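Protein chains in written order, with our numbering: chain A, -19 to 251; chain B, 3 to 257.
By construction, the Cβ of each residue, glycine as well, lies at the ideal position given by its N, Cα and C atoms.
Given the structure is predicted, the values throughout are model-derived calculations rather than measurements.
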Ligand SMILES: Nc1ncnc2c1ncn2[C@@H]1O[C@H](COP(=O)(O)OP(=O)(O)O)[C@@H](O)[C@H]1O
Ligand SMILES: [Mg+2]
């Protein structure tokens, strides 16, 4: 399958997106912010649709709205878990706004399908370059944030007392998550960002590794699931997004079963 | 010249979100002593601690730690926050502590001596075997001991422990109390501990700070835990019972 240019681009793009998604996903699950991550992709959908309507590349709008949305959400200070309703309403409104722009655009329905469910086999070289830059910048940002972010995720009150700028770091993190969401949406579509972002992160956290090993596992799993999904889709002719979602769920489910059998239930496990 | 008090607090008015939970609080805590901070729920114990840590800016009054102004990120202050459900239950206790150690200097590189110091303290407190288990699988008392190790990293002079005994069984309460007393004696640490119940700490406390109704009384347990003093503080009749063995019970009538 790799003799085709579009498949090579698809493998590169999904691998890159998966790397950043895995790393940010590990932190999202640790911080119990998966719902916020999910919402960011929907906010990005509105941005992407608006970009299309304005005649711009959808990725630009996606990155801008998801990145900004994340930064605002993170710096607003409130812990996301307490803001389910606000996040849910924003998410729903964003989907509505995205549909409005697509309606105004009056384009073919497959545009909407590509945004919602991804179109990784249709990625062109400029998009791939843009994706590469985004992912490298995102990974560099995460490397810079990782230590204080881990600290304030595990012990927020203490981090504050130690003078860690909690809001700034939280905002930057969700901003980067927005970027990761945008990259990931190119592969899985906005509706299925969860598969590459939350699945691998949650699986890695269950393994009880050290943070560095856990982050590597999350990134590795995400890449493996993305590539496995592509290969499976190639063989079976099922949609790529479905294949990735299937693998993501399977890996998570099997890991959970295995760890339960091995350790019994670890108290307070809420992933 | 005598050393400045570990904590010097005069005319302090403070509270979260601009509220004044504490008004006109005055006390001087000598270095190397253990103080129990008492008071009913919502009296402002956590508020006082957060003010001492520089997390709440006081509305009025003067406040100094070892003669220096209060600010966040002071290396000479160790802090054990009031317990809540920990995030990251599958990560080890060591990971939790190391994260604090390495994340404290936000953009800088961590102190390379950290892990060695951590190992030494874990051994000293006899909790090395707990550190490698998933944090979520530890009991409340075991977690508390690990977090106490964390509060001791970096050789602080002042330890602020918020409800370190909450949710512990009597044996673990005793452990933590004895440990606090030992740290004060052997390392000259000043320890501030909030608690609902003075009794587990009775043997190790040098003085008590009692908060109620926005005011505070500071002194020895015998001076402060009396019916007249607490009645004034609460603004309603309060009875204090002492058992022959030295246990103290405060009964504040419901108003
Ligand atoms: N973030 C906050 N905003 C407003 N009020 C608060 C906040 N945190 C605590 N309070 C109030 O401040 C008072 C003192 O709380 P606290 O210091 O936590 O008491 P304690 O630790 O003694 O139980 C309480 O009445 C509480 O409701
Ligand atoms: Mg409290």
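Handout entry: Straight-line Cα distance separating residue 109 (chain B) from residue 74 (chain B)
Key = 16 Å
Exercise for the section: Take residue 61 (chain B) and list the residues in its own chain whose beta-carbon comes closer than 7 Å to its own, dropping the five residues that flank it on each side. Expected result: 15, 16, 22
Problem - alpha helix (DSSP H) segment containing residue 149 (chain A), residue limits - result: 146 to 168
Problem - Pocket of ligand 1 defined by Cβ to heavy atom distance under 5 Å - result: B:18, B:19, B:23, B:43, B:44, B:45, B:46, B:47, B:48, B:49
Exercise for the section: Starting from the beta carbon of residue 2 (chain A), find every residue of chain B whose beta carbon is closer than 9 Å, and list them in chain order. Expected result: Residues of chain B passing the Cβ test: none, with the nearest at roughly 17 Å.
Problem - Through-space distance from residue 72 (chain B) to residue 52 (chain B), alpha-carbon basis - result: 11 Å
Exercise for the section: Please confirm whether any heavy atom of ligand 2 lies closer than 6 Å to the CB of residue 84 (chain B). Expected result: yes
Exercise for the section: Determine the DSSP secondary structure at residue 71 (chain B), reduced to helix, strand or coil. Expected result: strand
Practice task
Name the residue from B:13, B:30, B:54, B:38 whose alpha carbon lies nearest to the alpha carbon of residue 142 (chain A).
Solution key: B:54
Exercise for the section: Go to residue 78 (chain A), then tell me how far its alpha helix (DSSP H) extends in each direction, as first and last residue. Expected result: 64 to 85
Handout entry: residue 195 (chain B) - partner residues in DSSP beta bridges
Key = B:38, B:163
Handout entry: Best match in A:5, A:199, A:216, A:166 for proximity to residue 93 (chain A) [C-alpha to C-alpha]
Key = A:166
Exercise for the section: Quick one: residues in its chain with C-beta nearer than 7 Å to the C-beta of residue 16 (chain A), no 5 flanking neighbours on either side, listed in chain order? Expected result: 53, 60, 67, 154
Handout entry: Residue of A:224, A:90, A:97, A:101 minimising C-alpha distance to residue -12 (chain A)
Key = A:101
Practice task
Check residue 9 (chain B) in the structure and name its three-state DSSP category.
Solution key: strand
Handout entry: Beta-bridge partners of residue 29 (chain B), as assigned by DSSP
Key = B:11
Problem - Endpoints, the alpha helix (DSSP H) within which residue 54 (chain B) is located - result: 47 to 54
Practice task
Determine the burial state of residue 242 (chain A): buried for a count of at least 16 other Cβ atoms within 10 Å of its Cβ, exposed for fewer.
Solution key: exposed
Practice task
Could you name the residues that DSSP lists as bridge partners for residue 221 (chain B)?
Solution key: B:210
Practice task
Taking only beta-carbon positions, decide if residue 257 (chain B) is within less than 7 Å of chain A.
Solution key: Per-residue confidence for residue 257 (chain B) stands at a pLDDT of 47, beneath the threshold of 50, marking its modelled position as unreliable; no derived number is given.
Problem - chain A residues whose Cβ lies nearer than 8 Å to that of residue 118 (chain B) - result: In chain order: nothing, as chain A lies at least about 17 Å away.
Handout entry: Residues, ordered as in the chain, of the segment 114 to 148 of chain A that lie near chain B by beta-carbon distance below 8 Å
Key = 124, 127, 128, 129, 130, 131, 132, 133, 134, 135, 137, 138, 139, 140, 141, 142, 143, 144, 145
Exercise for the section: Starting from the beta carbon of residue 10 (chain A), find every residue of chain B whose beta carbon is closer than 9 Å, and list them in chain order. Expected result: 89, 90, 93
Handout entry: Cβ neighbours of residue 252 (chain A) in the same chain (closer than 6 Å, five flanking residues each side left out)
Key = In the structure as shown, chain A starts at -19 and stops at 251, and residue 252 (chain A) therefore has no counterpart that could be examined.
Problem - Runs of beta strand (DSSP E) lying entirely within the segment 66 to 131 of chain B, each at least 3 residues, in chain order - result: 79 to 82
Exercise for the section: Consider the Cβ of residue 188 (chain A): report whether some Cβ of chain B lies at a distance smaller than 7 Å. Expected result: yes
Problem - Cβ contact (3+ pairs, closer than 8 Å) linking the segment 118 to 128 of chain B and the segment 140 to 151 of chain B - result: yes
Practice task
Please state if the CB of residue 232 (chain A) and the CB of residue 183 (chain A) are separated by a distance shorter than 7 Å.
Solution key: yes
Handout entry: Buried versus exposed call for residue 98 (chain B) [16 or more other C-beta atoms within 10 Å across all chains shown]
Key = buried
Practice task
Kindly say whether residue 234 (chain A), judged by its beta-carbon, lies nearer than 7 Å to any beta-carbon of chain B.
Solution key: no
Problem - Nearest candidate by alpha-carbon position, reference residue 224 (chain A), set A:215, A:239, A:202 - result: A:202
Exercise for the section: Kindly identify the DSSP beta-bridge partner or partners of residue 244 (chain B). Expected result: B:250
Exercise for the section: Along the alpha helix (DSSP H) that carries residue 112 (chain A), what are the first and last residues, could you check? Expected result: 105 to 134
Problem - Residue of A:-6, A:186, A:24 minimising C-alpha distance to residue 137 (chain B) - result: A:186
Practice task
Kindly say whether residue 1 (chain B), judged by its beta-carbon, lies nearer than 7 Å to any beta-carbon of chain A.
Solution key: Chain B is shown from 3 up to 257; residue 1 (chain B) falls before or after that span and cannot be answered.
Problem - Within-7 Å CB hit, residue 195 (chain A) to chain B - result: no
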